Amino acid sequence: MRSLVRPVLVAVGLLAASAPLVAKSVFLNGVNIDGVANQTFENCTVEIDAQGNIHIKAKGYQVQTQGTPTTPQPVGGGTGMLTRRYWIVTEKNFPGMTQYDIDVFINSVWVRRLSGDEEQVVFEVTKYVKSGNNVIHFTASKNMGATRKSHSPHHYFKVIVGEGNVGGDNVMIDNPLLEYKRTAAESRTFNDNFTFVGR
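Rendered as structure tokens:
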């Protein structure tokens, strides 16, 4: 391990010696976090731009500011207020048989975990959606416990994301945007991203 670390430290030292000392900034998912200390970010991508600023992209992390809250800016150049409502609906033909739990993130913000044991779940996610381009991320984790209940590809767990409205006690999805599906035949962990336009 020592032989791997030493060249990195030497390279950083040479860069520091040859470059002028200029204050740089650190950004987490596009938000400046200068002054933040004692933080660890897992499963992230780190980029250094031409000015030497450090950009950390980490799914599931959101910057919260004290005092006056900042207004999230639309992704992808979208402007204006949303005119649609957005929902997530789950569908399972045999609840619990896939043994998958699915974590949902929208625009790098964790929304909730969908359990494979639950009956149908319907919930609104409009507050996480921005005008313009949005990214929804699913992490599907197999939770077998002591034994595997099924190997059948016909036992499925679907997550539908769409635009819809409430009519009485029912949610009507009038514009399905995407369908995410895992089956009991699968066993590995999946990390999948999808994009959709908020409007």
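Take the sequence shown: its letter number 183 is residue 204 in the numbering used here, and every next letter is one higher.
The beta-carbon is built from N, C-alpha and C at its ideal position, and this holds for glycine as well.
For clarity, every value in this text was computed on a predicted model and none was experimentally measured.
- Bridge partners - T66, DSSP secondary structure assignment: Position 45 of the sequence shown, counting from 1, holds the residue named residue 66. K78, per the DSSP bridge assignment.
- So is C65 in contact with chain D if we call contact Cβ pairs under 8 Å? Among the protein chains of the structure shown there is no chain D, as only one such chain exists.
- What three-state label does DSSP hand T147 in the structure shown? On the sequence shown, residue 147 is found 126 positions in, with the first residue counted as 1. Helix at T147.
- Item | Alpha carbon of Y177 to alpha carbon of K151, nearest angstrom | Residue 177 sits at position 156 when you count from the first residue of the sequence shown. Residue 151 sits at position 130 when you count from the first residue of the sequence shown. Rounded to the nearest angstrom, the two C-alpha atoms are 30 Å apart.
- Item | G137 versus N64: straight-line alpha-carbon distance, rounded | Locating residue 137 in the sequence shown gives position 116, counting from the first residue. Locating residue 64 in the sequence shown gives position 43, counting from the first residue. Using only the alpha carbons, I get a separation of about 24 Å.
- Item | Residues bridged to S162 (per DSSP) | Stepping through the sequence shown from its first residue, residue 162 is reached at position 141. Answer is D122, bridged to S162.
- Go ahead and label A71 buried or exposed: buried means 16 or more other beta carbons lie within 10 angstroms of its beta carbon, across all protein chains shown. Mapped onto the sequence shown, residue 71 falls at position 50. A71 comes out exposed.
- Query: DSSP state of L42, grouped into three classes?
  - Reply: Taking the sequence shown and counting its residues from 1, one reaches residue 42 at position 21. Only weak support is given to the placement of L42: the predicted model assigns it a pLDDT of 46, under 50, and the value that follows is read from those uncertain coordinates. DSSP places L42 in coil when its eight states are reduced to three.
- Item | Beta-carbon proximity of I181 to V110, cut-off 8 Å | The residue you call residue 181 lines up with position 160 of the sequence shown. The residue you call residue 110 lines up with position 89 of the sequence shown. Contact: yes.
- What is the C-beta distance between V125 and F159, in whole angstroms, given that I count them as a contact (C-beta under 8 Å)? Position 104 of the sequence shown, counted from the start, is the residue given in the question as residue 125. Position 138 of the sequence shown, counted from the start, is the residue given in the question as residue 159. The Cβ separation is near 6 Å, so the contact holds.
- Task: May I ask which residues mark the beginning and end of the beta strand (DSSP E) holding M193?
- Result: Position 172 of the sequence shown, counted from the first residue, corresponds to residue 193. Counting along the chain, the beta strand (DSSP E) containing M193 begins and ends at 191–204.
- Message: Under 8 Å: do the region 198–205 and the region 140–147 share three or more Cβ pairs, one atom per stretch?
- Response: no
- Query: Just how far apart, CA to CA, sit F62 and G189?
  - Reply: Taking the first residue of the sequence shown as 1, we reach residue 62 at position 41. Taking the first residue of the sequence shown as 1, we reach residue 189 at position 168. Taking the straight line from one Cα to the other gives about 44 Å.
- Task: Below 8 Å on the Cβ atoms is my guess for T119 versus S162; work out the distance and round it to an integer in Å.
- Result: The residue you call residue 119 lines up with position 98 of the sequence shown. The residue you call residue 162 lines up with position 141 of the sequence shown. That pair is no contact at about 11 Å.
- Query: Going straight from the alpha carbon of E139 to that of P116, what length do you get?
  - Reply: Mapped onto the sequence shown, residue 139 falls at position 118. Mapped onto the sequence shown, residue 116 falls at position 95. Using only the alpha carbons, I get a separation of about 7 Å.
- Query: Is the CB-CB distance between N154 and V57 below 8 Å?
  - Reply: Looking up residue 154 in the sequence shown gives position 133. Looking up residue 57 in the sequence shown gives position 36. Their beta carbons are not under 8 Å apart, which means N154 does not touch V57 by this criterion.
- Query: Leaving out five residues before and five after V67 in sequence, what residues of the same chain have Cβ atoms less than 6 Å from its Cβ?
  - Reply: Translated into the one-based positions of the sequence shown, residue 67 becomes position 46. Correct list, in chain order: I77.
- Can you check DSSP and say which residues form a bridge with D213? Walking along the sequence shown from the start, residue 213 turns up at place 192. Note: D213 sits in a beta bridge opposite F159.
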